[in-house]
Each structure stands twice: as C-alpha cells, then as structure tokens.
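Using the UniProt record's numbering, read the sequence shown as starting at 1 and increasing by one per residue.
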Amino acid sequence: MEEILIQIINNKDYEMLNHILEEHFPVDIALGLETLNDETVLNQFLEMAKNDLLSEVLRESEPTLQRTMIQNLSFQRATELFNLMPNDDVVDILGSLQVDLRKQYLSLMKNDNREDLQMMLAYDAHSAGGLMTTEFITIPQDLTVSQTLEKLREISPNTEVIDTLFITDKTSSLVGWIDIRDLFIHDSQAFLNDFMSHQVVAVQPETDQEEVAQLFAKYDLSMVPVVNHRQVILGIITVDDIIDVLQEEYQEDMLRMGGVQETEAIGAPFVDSLRKRLPGLLVNLATAFIVSATVAAFDHVIVQVVALAAISPFITGISGNSAEQTLALVIQGIALGKLNLKDDKKLVLGEVKVAAVNGLLTGLVAATAMFLFYQNFYLSLVVVLSMMINLCIGALFGFFVPLILKALKQDPALASSIFIHTATDTFGYFAFLGLAQVFLPLIL
C-alpha cells in the first residue's frame with residue numbers, strides 16, 4: 001500500500017488516487033500514511049484526495065496522524081471534512097486540539113452541528129456523553145408502520161445508524177425501541193406502540209465508559225441510548241465505539257503495568273520518551289530502597305548463613321508471581337463489573353487457600369533441592385514455611401490493592417508496576433529472613 005501511494009502521488013494521478021481510496025478500506029489507507037511518516041507525501045495526498053473519501057481516512061486515522069492532517073489543512077477545508085463525519089468522531093478530534101483552535105473550527109460549523117458538538121465537548125471524553133453520537137432516529141409512538149417508513153426515507157441519509165429506531169412519547173421521553181426489520185413483518189397500518197419493545201437499557205451522559213462497556217457485554221447490545229434526567233435522548237453509543245474503548249483500555253492497562261504513560265507510543269521522540277519514563281523509574285527506585293532496607297535489617301543473619309542470599313531472590317520472585325496471578329483475575333473481575341470491596345469473604349479465602357497449597361507444593365520442591373545442595377533440614381524447613389507465607393501475602397495484595405485503587409478512582413493496573421512488587425518483595429524478604437533468624441540456632 002505504501003509503495004502504491006507514493007507512486008500515485010509522485011505521478012500526480014488524481015483519478016487513480018481517488019480510485020484507490022474507493023477500492024480500499026479507509027483504515028488501510030490511514031495505516032499506509034502512518035507507516036510512510038512523510039509530511040511531504042501527506043500534504044500531496046491531502047491536496048489530491050476528494051473530501052468525501054478523505055473524511056473517511058481522517059476518521060480512521062490514529063490521533064497523532066489526525067492532528068497532523070488537520071494542521072496541514074486550511075480551516076475551511078478541515079471544516080468541510082468535519083461536516084461529512086459523524087459527530088462523535090469530530091468531537092474526538094476537536095477534543096485533542098487547543099481551545100482557541102477548537103473555537104475557530106466550531107465557529108465555521110453549521111449551526112445545528114455546532115450546537116451538538118458543543119454539548120458533546122462539555123462531557124468528559126471517557127464518559128457516555130463523550131462517546132455518544134447525536135445522529136440517531138426517534139419516532140413518535142403514535143405513528144403507523146407506513147408513516148414510519150415514509151419518515152425514514154426523509155431522515156435516514158443524515159444518520160449514522162438506522163437499524164434501531166427509538167420510540168418517544170408526546171414529551172419526547174424514550175419509551176421503547178424497535179428493530180427496523182420489525183417494520184417489514186407487521187401490517188402497514190399497525191401502530192408502533194403495539195409491537196415496540198419496552199425493555200430499554202439506557203445510560204446517563206456522566207456514566208463512565210467502562211460501565212457502558214459492561215452493559216454492552218451483559219445485555220449483548222449493539223447500541224445504547226444516552227438520556228437526560230427526563231429520559232429524553234441526547235445521543236447513542238454504538239458497539240464500534242465500545243470496541244474502540246475496550247482497545248484503548250487494554251492498551252492503557254498494558255502500558256501502566258509496564259510503568260509507561262499511555263500517551264507514549266513506540267518510536268516517540270527521544271526527549272519525550274525520556275521525560276515520560278523517568279518519573280516511573282524514580283518511583284520504583286524509591287520503593288527499591290524500602291526493599292533494600294528490609295534486607296539490610298537482617299544482614300547479621302545473612303553473614304552467618306550465606307546461603308540465604310542465594311535462596312531469597314527466588315522466594316520473593318515466586319511470591320510476586322502469585323500476586324500477579326491473583327491480580328490478573330481481580331482486574332478481569334473489575335472490568336466485568338463482578339468485583340468490589342464489599343464482595344463475599346469467600347473469594348479472599350479461596351485465593352489464600354489456593355496460594356497456601358501452591359506455596360506448600362512449590363516449597364516442598366524447592367526445599368528438596370535445597371536439602372540436596374546444602375544438606376540442612378532446618379534451612380529447607382524455612383524455605384517451605386516462607387514460601388507458603390509469601391504466596392499467601394502475594395495473593396492478599398493481588399486481591400485487595402486493585403480493589404482499593406478502584407475505590408479511590410485510580411486505575412487498578414497501577415497495582416502491578418508499583419505497589420504489588422514493592423509489597424511482595426518487602427514482606428517476602430521480611431518473612432523469609434525473619435524465619436531464618438528464628439531458626440538460626442538450628443540452622444547453624
């Protein structure tokens with residue numbers, strides 16, 4: 001794709017370029033432009049592409065490329081593209097721009113579009129209001145099937161989604177919905193009120209995007225209406241928006257678990273990468289001093305039994321692994337809306353029980369190896385006991401830390417990169433070396 005784009009653009013073949021845009025998915029064109037990363041080629045592409053085709057490529061591009069494209073277009077041309085795009089996609093782009101630029105673009109918009117965009121921009125980007133599109137269809141409940149079909153012919157070209165119709169009463173409040181296919185299996189004179197579904201799953205504009213995603217999964221939805229306190233529809237959220245949310249949340253969690261800011265991408269400028277990664281490393285360095293201080297408190301024990309220095313890393317390491325196993329399950333439960341701090345104690349006891357048995361089994365394997373190597377029964381006993389204790393500690397931290405962070409409105413993924421490793425290492429060394437100190441006379 002990249003070579004084809006370069007060849008067509010260099011030849012100034014306007015007709016062929018727009019033919020390529022018609023024949024290929026916009027997302028593939030966007031990926032090709034991102035891979036090229038050539039502003040000269042991009043500017044020529046922007047000049048040659050037709051507005052209707054270019055708007056599709058723009059909406060499928062990554063935020064960084066979107067901003068670059070907008071910056072290289074005139075205000076008038078960019079506004080023309082915005083008028084061809086769904087409002088939720090326009091909001092995503094405008095929300096990433098500086099306030100003065102955003103106001104300038106809004107001033108050039110059509111009046112009806114401007115009002116909708118201003119309303120959507122007022123909501124948090126990660127809320128239902130920030131995700132919704134205002135392009136939807138509402139039909140009064142007292143219309144017949146034939147009247148509804150006639151109305152659809154008039155308004156459907158201006159909407160993003162037409163497979164679901166939302167039914168309203170005389171006060172414009174949402175009272176039900178129908179699948180558009182229902183119109184073709186009922187009598188043309190039947191009233192919508194007679195066969196519409198009254199079971200409506202709706203959200204408030206302030207609802208967090210994770211909660212919205214949970215509703216989609218729970219009720220197997222293709223879209224969700226966003227309503228105000230009077231049940232008047234403000235917009236809708238479609239399943240493709242939720243897929244984007246899930247992908248974004250996954251990427252953020254992976255980056256945060258690695259101690260990297262979610263705003264950084266591979267291949268970012270050197271200074272930006274340095275600035276965004278260094279704070280996390282400094283925090284980890286500070287927590288490492290806590291672990292180091294714990295070990296230093298038992299240096300008199302380690303001096304007498306040097307083997308402890310060789311054994312302790314794998315004991316604390318496996319404790320961290322136990323914590324991460326529990327952490328992964330808890331984060332999954334939080335994401336699915338199945339876990340909170342008020343949950344049954346049986347879940348905690350279950351995790352501790354599994355960790356204790358795993359600690360016993362892995363401890364016996366490790367203790368056998370230690371006995372064969374050091375010929376010391378009590379040292380092996382310390383290994384078994386400390387591994388059982390440490391795996392239980394790891395399970396407890398893996399269970400509670402993400403839940404506490406969630407209750408504090410923080411991302412649970414932060415638990416892995418900072419709190420979990422520090423806690424398991426600190427308590428792991430303390431338990432192991434503390435037991436070694438208790439059994440020291442027998443070990444010697």
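We treat Cβ as the ideally placed atom computed from N, Cα and C, and that holds for glycine.
Original post:
Grouping DSSP H, G and I as helix and E and B as strand, with all else coil, what is VAL201?
Top reply: coil
Original post:
Relative to the C-alpha of ILE155, which residue among THR35, ILE167, LYS170, ILE139 is closest?
Top reply: ILE139
Original post:
Less than 9 Å separating the beta-carbons of LEU391 and SER322?
Top reply: yes
**OP:** Could you tell me the distance, in whole angstroms, from the CA atom of ASN111 to the CA atom of LEU234?
**Re:** 17 Å
**OP:** Identify, in the order they occur along the chain, each residue of the same chain with its Cβ nearer than 7 Å to the Cβ of GLN231, setting aside the five sequence neighbours on each side.
**Re:** SER173, LEU174
Original post:
Considering only C-alpha positions, which residue in the set GLY428, GLY363, ALA30, ALA307 is nearest to GLY317?
Top reply: GLY428
Original post:
How is VAL306 classed by DSSP in three states: helix, strand or coil?
Top reply: coil
**OP:** Note down the Cα distance separating PHE298 from VAL201, rounded to an integer number of angstroms.
**Re:** 59 Å
**OP:** Please state whether DSSP places MET388 in a helix, a strand or coil.
**Re:** helix
**OP:** Given a cut-off of 9 Å, decide if MET132 and ILE237 are closer than it, judged by their beta-carbon atoms.
**Re:** yes
Original post:
Ends of the beta strand (DSSP E) at THR164?
Top reply: 164-168
**OP:** Taking 9 Å as the cut-off, decide whether the C-beta atoms of ALA128 and VAL203 are in contact.
**Re:** yes
Original post:
Taking Cβ positions, are GLY95 and ALA125 nearer each other than 9 Å?
Top reply: yes
Subject >> N- and C-terminal bounds of the alpha helix (DSSP H) containing PRO86 >> reply: No alpha helix (DSSP H) holds PRO86; DSSP gives it neither H nor E.
**OP:** Quick one: residues in its chain with C-beta nearer than 8 Å to the C-beta of residue 510, no 5 flanking neighbours on either side, listed in chain order?
**Re:** The structure shown does not extend to residue 510, since the chain is modelled only from 1 through 444, so no value can be given for it.
Original post:
Which residues in the same chain as GLN104 place their Cβ atom closer than 8 Å to its Cβ, once the five residues preceding and following it in sequence are excluded?
Top reply: PHE75
Subject >> Straight-line Cα distance separating THR134 from THR79 >> reply: 18 Å
Original post:
When the Cα atoms are used, what is the spatial distance from ARG67 to ASP240?
Top reply: 22 Å
**OP:** Taking THR148 as part of the beta strand (DSSP E), name the residues at either end of that continuous run.
**Re:** Where THR148 is concerned, there is no enclosing beta strand (DSSP E), although the alpha helix (DSSP H) it sits in stretches over 145-155.
Original post:
Exposed or buried, which one is ASP88 when buried takes at least 16 other CB atoms within 10 Å?
Top reply: buried
Subject >> Residue range of the alpha helix (DSSP H) that includes VAL438 >> reply: 421-438
**OP:** Measure the C-alpha to C-alpha separation of VAL357 and MET388 and round it to an integer number of angstroms.
**Re:** 7 Å
Original post:
For PRO313, does the count of other Cβ atoms within 10 angstroms reach 16, so buried, or fall short, so exposed?
Top reply: exposed
Original post:
DSSP on ASP272, reduced to helix/strand/coil?
Top reply: helix
Original post:
Can you pull the DSSP bridge partners for GLY320?
Top reply: Partner(s): none; GLY320 has no beta bridge.
Original post:
Using DSSP with H/G/I as helix, E/B as strand and the rest coil, what is PRO140?
Top reply: strand
**OP:** Using 10 angstroms around the beta-carbon of LEU282, count the other beta-carbons present and answer buried if the total reaches 16, otherwise exposed.
**Re:** exposed
Original post:
How many Å lie between LYS218 and SER197 at the Cα?
Top reply: 18 Å
**OP:** With VAL348 as the anchor, note down where its beta strand (DSSP E) starts and where it stops.
**Re:** First-last for VAL348: 345-374, but that is the alpha helix (DSSP H), not the beta strand (DSSP E).
**OP:** Please classify THR64: is it buried, with 16 or more other beta-carbons within 10 angstroms of its beta-carbon, or exposed?
**Re:** exposed
**OP:** Please classify GLY320: is it buried, with 16 or more other beta-carbons within 10 angstroms of its beta-carbon, or exposed?
**Re:** buried
Original post:
Among ASP208, HIS300, THR287, which has the Cα closest to the Cα of GLU249?
Top reply: ASP208
Subject >> DSSP-derived helix/strand/coil call for ILE404 >> reply: helix
Subject >> Of the residues ARG114, PHE377, ASN376, PRO402, the one placed nearest LEU339, counting alpha carbons only >> reply: PRO402
Original post:
Excluding five sequence neighbours on each side, which residues of the same chain lie with their C-beta closer than 8 Å to the C-beta of LEU381?
Top reply: ALA367, PHE439
Subject >> Limits of the alpha helix (DSSP H) - the one that MET119 falls within >> reply: 111-121
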